[in-house]
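As they're listed, the protein sequences go chains A and B. Read in order, the letters of the first sequence correspond to residues 7 to 59 in our numbering. Read in order, the letters of the second sequence correspond to residues -12 to 412 in our numbering. We put the CB at the ideal spot given by N, CA and C, even for glycine. Shown next, in structure tokens, is the structure this report addresses.
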Amino acid sequence: MKINENCVGCGQCASFCKKGAIEVKGKARVTDACVDCGICMLYCPVKAIEVPA
Amino acid sequence: MKAIIIGAGLGGLLSAARLSKAGYEVEVYERLPITGGRFTNLNYKGFQLSSGAFHILPHGPSGPLAQFLNEIGANVEIVRSETTTVRVPLKKGIPDYGKGFKDISFSDFSTLLSHKDRLKIAFLIVSTRKNRPSGFTLQTWLRTQVKDEWLVKFADAFCGWALSLRSDEVPVEEIFEIIENMYRFGGPGVPIGGCKGVIDALESVIATYGGKIHTGTEVLKIFMEGGKAAGVLIGEEVHKADLIVSNLGHVATACLCEEALSGEKNSGYLQKLETLKPSAGIKICLAADEPLVGHTGVLLTPYAKRVNGIDEVTQVDPGLAPPGKHLTMSHQYVAPENVKNLEAEIELGLQDLKEIFPGKKYEVLLIQSYHDSWPVNRAASGTDPGNETPIPGLYVVGDGAKGRGGIEVEGVALGVTATMKKILG
Ligand SMILES: Cc1cc2nc3c(=O)[nH]c(=O)nc-3n(C[C@H](O)[C@H](O)[C@H](O)COP(=O)(O)OP(=O)(O)OC[C@H]3O[C@@H](n4cnc5c(N)ncnc54)[C@H](O)[C@@H]3O)c2cc1C
Ligand code: SF4
Ligand code: SF4
């Protein structure tokens, strides 16, 4: 999954990721723990998360 | 009569509750799977962080939001903060907290001025209630009255905390309206359960009166009939209504209207929208075993490099953190030119916290930043175009359409109150 330039760094995605796979500092960054489940994408208020089809 | 509300942020839910109570058939559409927008809780490692706000109502249990909640029968317990304190260096003239500090009460700010300036402030406090200054920014006005940089620092910390602006971005009229509201409504408070305590209570009122909230449902377009707002497009389906209330701010709402706003007669409105500036900020959420702030109110930090103020909501509601832990959150204003350097701004904020809490143990839980389309405020205080749009039957509520002098969610409530008066009479 990919985070695009819309990301504002609000951290909302990090609080819904069950794998603790998102780090946020000004922007979100996905770590190796990500399993591409796509949950975080639903919670992003600015459509910054793209999950590969 | 049917009303459609676009967005289940605070403004949308307040409107939905009021309209459903007045007998409207209400449908709320929210794009995200959760309600509350920038005013709800985010559970993070057992701490109730938030999607935006600091779990603070600027005018506590007697402010416009509390009054609104009371009138519609939303059951929320709001606890008034006991004090607001200001951290200052031990001696005047020292530029930071490095050599020690003391905390003074907010209302004692003038004790740091010279005797002459103190008298001047005492005079201004009385005289400005009758003769309001106008036509300047707060900073320019202060500088014409008192030559003491402490006052500018103090004003910057207050504006940064309360509005996420610098004192040279706030019209002096707006600050005097805010001060008047402080006299009228009193100081801040914390809702039990945090922001979500308010959101849950609103949802329960909406359900009681038969209103419906659809999450995970994005509105793609607002359509018109006979020059009036007539419904919305969701997926491929058209949903009709007599009235539409948008919680998205004026700019995003205008985008949903597409060509309906393109005519010459709307160019003034569209030009006004281009001048609206969302405000940016950074929140750093800390977990600690021992209290860091130590009281139920706000600690302003005018001598920090970036951090404007800090609150510790577990002082009011220990349920917002795991047992025995404190949740402490700092806010810092981000200047427009620094939005592109957020990482550097965050570093400065983290250094500030080390200076503000020397020798204290805490863990940085999450760092959250807000700007542009998900900002601290959609329009800087005192600049928004109100709740109406050029399209009859289409209103805008939320922090892009507040009442004058309304800080944050109090402004959202004032704006919704004004809108409901227009709709319901
Ligand atoms: C860091 C920070 C700290 C703050 N601190 C405080 C504080 O301590 N006290 C205070 O009073 N205020 C505070 N605020 C301000 C306060 O949080 C906001 O003013 C308030 O939450 C804004 O509410 P709103 O009604 O404008 O709705 P928003 O929260 O903006 O909600 C709008 C909703 O509309 C939804 N939406 C968007 N597009 C669509 C679409 N096309 N279809 C359907 N739904 C859509 C969004 O998903 C969202 O849920 C703070 C804000 C931030 C960011
Ligand atoms: S796709 Fe799933 S695992 Fe990966 S970051 Fe998002 S929520 Fe976490
Ligand atoms: S929710 Fe979206 S905007 Fe917020 S940090 Fe995650 S990716 Fe960025």
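Which one of the options has the shortest CA to CA distance from residue i?
{"i": "B/L99", "options": "B/Q126, B/T124 and B/F141", "result": "B/F141"}
{"i": "B/V206", "options": "B/C242, B/G281 and B/V321", "result": "B/C242"}
{"i": "B/G173", "options": "B/E397, B/L0 and B/P278", "result": "B/E397"}
{"i": "B/I166", "options": "B/I394, B/V399 and B/A405", "result": "B/I394"}
{"i": "A/C40", "options": "A/N12, A/I55 and A/C13", "result": "A/I55"}
{"i": "B/L0", "options": "B/E164, B/S154 and B/T404", "result": "B/T404"}
{"i": "B/V185", "options": "B/A40, B/A366 and B/T376", "result": "B/A40"}
{"i": "B/E160", "options": "B/W148, B/A144, B/A188 and B/L129", "result": "B/L129"}
{"i": "B/V321", "options": "B/V294, B/K312, B/A308 and B/P345", "result": "B/V294"}
{"i": "B/N224", "options": "B/F210, B/K32 and B/F145", "result": "The sequence shown places Glu at residue 224 of chain B, rather than the Asn named in the question. Measuring from the Cα of B/E224, the nearest candidate turns out to be B/F210."}
{"i": "B/Y84", "options": "B/K312, B/D104, B/C146 and B/L287", "result": "B/L287"}
{"i": "B/K270", "options": "B/I221, B/A239, B/D339 and B/L257", "result": "B/D339"}
{"i": "B/G222", "options": "B/G87, B/S7, B/G10 and B/R18", "result": "B/R18"}
{"i": "B/G147", "options": "B/G412, B/G380 and B/H318", "result": "B/H318"}
Report, in whole angstroms, the separation of the C-beta atoms of residue i and residue j, which I expect to be a contact under 8 Å.
{"i": "B/S2", "j": "B/V232", "result": "5 Å"}
{"i": "A/P58", "j": "A/D42", "result": "7 Å"}
{"i": "A/G15", "j": "B/S356", "result": "4 Å"}
{"i": "B/T406", "j": "B/V384", "result": "6 Å"}
{"i": "B/T315", "j": "B/I333", "result": "That belief does not hold up - the Cβ atoms of B/T315 and B/I333 are roughly 16 Å apart, past 8 Å."}
Can you give me the C-alpha to C-alpha distance between residue i and residue j, rounded to a whole angstrom?
{"i": "B/H226", "j": "B/I(-9)", "result": "9 Å"}
{"i": "B/D135", "j": "B/S151", "result": "23 Å"}
{"i": "B/G203", "j": "A/L48", "result": "8 Å"}
{"i": "B/G213", "j": "B/E261", "result": "27 Å"}
{"i": "B/D208", "j": "B/E245", "result": "A quick correction: the sequence has Lys, not Asp, at residue 208 of chain B. Each residue's alpha carbon lies about 8 Å from the other."}
{"i": "B/L122", "j": "B/I43", "result": "Before going on, a small fix: residue 122 of chain B reads as Gly here, not Leu. Answer to the nearest angstrom: the Cα atoms are 30 Å apart."}
{"i": "B/I378", "j": "B/G268", "result": "32 Å"}
{"i": "B/D359", "j": "B/A(-5)", "result": "19 Å"}
{"i": "A/V36", "j": "A/M7", "result": "8 Å"}
{"i": "B/V192", "j": "B/P362", "result": "28 Å"}
{"i": "B/G180", "j": "B/I91", "result": "29 Å"}
{"i": "B/S368", "j": "B/L263", "result": "10 Å"}
{"i": "B/K327", "j": "A/G32", "result": "9 Å"}
{"i": "B/V238", "j": "B/S154", "result": "25 Å"}
{"i": "B/A247", "j": "B/T240", "result": "11 Å"}
{"i": "B/D304", "j": "B/K347", "result": "22 Å"}
{"i": "B/C272", "j": "B/L36", "result": "7 Å"}
{"i": "B/G255", "j": "B/T376", "result": "11 Å"}
{"i": "B/L138", "j": "B/K103", "result": "14 Å"}
Looking only at its chain, what residues have a beta carbon closer than 6 Å to the beta carbon of residue i, apart from the 5 residues adjacent to it on each side?
{"i": "B/E350", "result": "A274"}
{"i": "B/P48", "result": "I65, R67 and G176"}
{"i": "B/F163", "result": "R119"}
{"i": "B/R105", "result": "S97"}
{"i": "B/L56", "result": "V63"}
{"i": "B/P158", "result": "G369"}
{"i": "A/C13", "result": "K33, A34 and A54"}
Short of 8 Å in beta carbon distance, which residues of its chain neighbour residue i, apart from the five on each side in sequence? Order them along the chain.
{"i": "B/M169", "result": "H46"}
{"i": "A/Q18", "result": "Y49, C50 and P51"}
{"i": "B/Q302", "result": "P278, V280, G281, H282, T283 and H313"}
Can you find a heavy atom of ligand 4 that lies under 7 Å from the Cβ of residue i?
{"i": "B/V363", "result": "What this structure holds is ligand 1, ligand 2 and ligand 3, not ligand 4."}
Fill in: Around ligand 3, Cβ to any heavy atom closer than 7 Å, ordered along the chain
A/I9, A/N12, A/C13, A/V14, A/G15, A/C16, A/G17, A/Q18, A/C19, A/A20, A/I28, A/V30, A/K33, A/A34, A/C46, A/Y49, A/C50, A/P51, A/V52, A/A54, A/I55 and B/W361
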